[in-house]
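Written out below as structure tokens is the structure these notes cover.
Protein chains: 2
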Amino acid sequence: MDDVAGAIADEVRREILTLLRAGPLPAGEIAGRFTISRPAVSRHLRVLRDSGLVRDELVGRQRIYTLVPERFTELAGWIARFTRPSGWEQRLDALATEVHRTRRDRSRGTDRQENTA
Amino acid sequence: MDDVAGAIADEVRREILTLLRAGPLPAGEIAGRFTISRPAVSRHLRVLRDSGLVRDELVGRQRIYTLVPERFTELAGWIARFTRPSGWEQRLDALATEVHRTRRDRSRGTDRQENTA
DNA sequence: AGGAAGCGTAACTGATGGGTTACGGGTTTG
DNA sequence: CAAACCCGTAACCCATCAGTTACGCTTCCT
Numbered sequence: 352m353d354d355v356a357g358a359i360a361d362e363v364r365r366e367i368l369t370l371l372r373a374g375p376l377p378a379g380e381i382a383g384r385f386t387i388s389r390p391a392v393s394r395h396l397r398v399l400r401d402s403g404l405v406r407d408e409l410v411g412r413q414r415i416y417t418l419v420p421e422r423f424t425e426l427a428g429w430i431a432r433f434t435r436p437s438g439w440e441q442r443l444d445a446l447a448t449e450v451h452r453t454r455r456d457r458s459r460g461t462d463r464q465e466n467t468a
Numbered sequence: 352m353d354d355v356a357g358a359i360a361d362e363v364r365r366e367i368l369t370l371l372r373a374g375p376l377p378a379g380e381i382a383g384r385f386t387i388s389r390p391a392v393s394r395h396l397r398v399l400r401d402s403g404l405v406r407d408e409l410v411g412r413q414r415i416y417t418l419v420p421e422r423f424t425e426l427a428g429w430i431a432r433f434t435r436p437s438g439w440e441q442r443l444d445a446l447a448t449e450v451h452r453t454r455r456d457r458s459r460g461t462d463r464q465e466n467t468a
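Residue numbers (the numbering used here), protein chains in the order written: chain B, 352 to 468; chain Y, 352 to 468.
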């Protein structure tokens, strides 16, 4: 999962994965759809290979890359733990608890300002 | 989604997110749970903030960080396009895997090879 | 064979990023 | 007001990385 997140974090690699969604492709075919050099694409393919998101197979003098959908599931599961807000409805209570850690004092009126984009 | 993947790609940031899953925390409290320096954690928090995965709120002289679960959904959706119809939260795949490869066709006898694993 | 095609790798470079220490600005508290 | 506290930012160092060109290996075609 670790490597998977890193692999997905790159735009070129995401596009490669999207390309492969239609079916397996040889390295040259993949590289041909990008403006960057073929070795650069080759290294992106290596990252994807190491992450396990794609698998390669030598067919003659071509190297065919194939998607490995199972590999996505692990990361999807990790993310899923955050998508559902499970049950901490007492966000202010928890906050108050943490504030008490540093000042075990009686509280006064608490101003609060927000800073959110 | 772009920034989200990059934010998740780091181990420290993943741990911060996991911490925040229990509820909001001030920056100092978060930093206290890591061996790395507080400014280092502060920069990780900035990355998470910019990615939109967390939101900050000034309370007195503390800066409280809160998880933003909605932000995970976008990336989860992108990843879901690659997961096989294994059957947990995946919609039924109404799309057949069209293996149409736009092969660059030379004017000669076109070696063709289909490869699917 | 011999040459062209397909790909990965090596070597190098500029950009990026995570770590640190030093510092400044806002907020309570005495 | 001054001191202590919380926290982000600036300046800096070192490791990593994405991009390039040059090269070597293997495979297909004539």
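From the three backbone atoms N, C-alpha and C, an ideal C-beta is built for every residue, glycine too.
Where residue i sits in the DSSP three-state scheme
i	result
Y:Asp354	helix
B:Asp407	strand
Y:Arg384	coil
B:Arg432	helix
B:Pro375	coil
B:Arg412	coil
Same chain, Cβ closer than 6 Å to residue i, five either side skipped, listed in chain order
i	result
B:Val363	His395
Y:Arg412	none
Same chain, Cβ closer than 8 Å to residue i, neighbours up to 5 away in sequence not counted
i	result
B:Leu376	Leu370, Ile415, Tyr416
B:Val355	Ser402, Gly403, Leu404, Arg422, Phe423, Glu425, Leu426
B:Arg365	Ile359
Check whether residue i and residue j have beta carbons under 7 Å apart
i	j	result
Y:Ala358	Y:Leu399	yes
B:Thr434	Y:Pro390	no
Selected residue, minimal CA-CA separation from residue i, among the options
i	options	result
B:Ala378	B:Phe423, B:Val410, B:Ala360	B:Val410
B:Gly383	B:Arg372, B:Gly374, B:Ile367	B:Ile367
Y:Asp361	Y:Trp429, Y:Gly428, Y:Arg406, Y:Val392	Y:Val392
Interface flag, residue i vs chain Y, CB-CB below 7 Å
i	result
B:Ala391	no
B:Ile381	no
B:Thr386	no
B:Pro420	yes
Interface flag, residue i vs chain B, CB-CB below 7 Å
i	result
Y:Ala339	What the structure shows of chain Y is the stretch from 352 to 468, and residue 339 of chain Y is not part of that stretch, so it cannot be assessed.
Y:Gly357	yes
Y:Ile367	no
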